[in-house]
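Structure first, then comments.
Residue numbers (the UniProt record's numbering): 1 to 105.
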């Protein structure tokens, strides 16, 4: 799941993802571009509600902006969440993001 869906609660989001796993439509729950706080809350709630947990995170990382090392990596190590790091050059990421925003609008 890319970007945290702000219009839905953690409970709704995690229950929907858990349903997909239980129905066999997806094997694992993976997220992209969630903050460390969002991942921590999702893991806490999944454990509390006995839902499937986040297994992998795919952060965008760049040599110029090493923001995943400050919060994402420590939280992921603490909760056993793997990383699939996509090293995307900033100019490409800007084009992808701009296109994604246009499609979502």
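Beta carbons are placed, not taken as given, at the ideal position from N, Cα and C, and that holds for glycine.
### Query
So the alpha helix (DSSP H) residue 75 belongs to, where does it begin and stop?
The residue labelled residue 75 in the question sits at position 75 within the chain shown. Start and end: 72-79.
### Message
Within a Cβ cutoff of 8 Å, which residues of the same chain sit near residue 11, ignoring the five residues on either side of it in sequence?
### Response
In the chain shown, counting from the first residue as 1, residue 11 sits at position 11. Only 45 and 49 meet the Cβ criterion.
### Task
Would you mind sorting residue 35 into buried or exposed? The rule is 16 or more other CB atoms within 10 Å of its CB.
Numbered from 1 along the chain shown, position 35 holds the residue referred to as residue 35. In the assembly as shown, residue 35 is an exposed residue. Its beta-carbon has fewer than 16 other beta-carbons within 10 Å.
### Query
How many angstroms separate the CA atom of residue 74 from the CA atom of residue 32?
On the chain shown, position 74 is the one that residue 74 refers to. On the chain shown, position 32 is the one that residue 32 refers to. Cα-Cα distance, rounded: 16 Å.
#### Entry: Sequence-distant residues of its chain with Cβ nearer than 8 Å to residue 41 (five each side left out)
Here residue 41 refers to the residue found at position 41 of the chain shown. Contacts found: 10.
### Element boundaries [beta strand (DSSP E), containing residue 56]
Walking along the chain shown from the start, residue 56 turns up at place 56. Run containing residue 56: 54-57, per the beta strand (DSSP E) assignment.
#### Entry: Residues near residue 20 by beta carbon distance below 6 Å, same chain, minus five either side
As a working note, residue 20 is residue 20 in the chain shown. Cβ neighbours of residue 20 beyond the five flanking positions: 26.
### Task
Can you grab the Cα-Cα spacing for the pair residue 83 / residue 15, in whole Å?
Within the chain shown, numbered from 1, the residue matching residue 83 stands at position 83. Within the chain shown, numbered from 1, the residue matching residue 15 stands at position 15. The straight-line gap from Cα to Cα measures roughly 22 Å.
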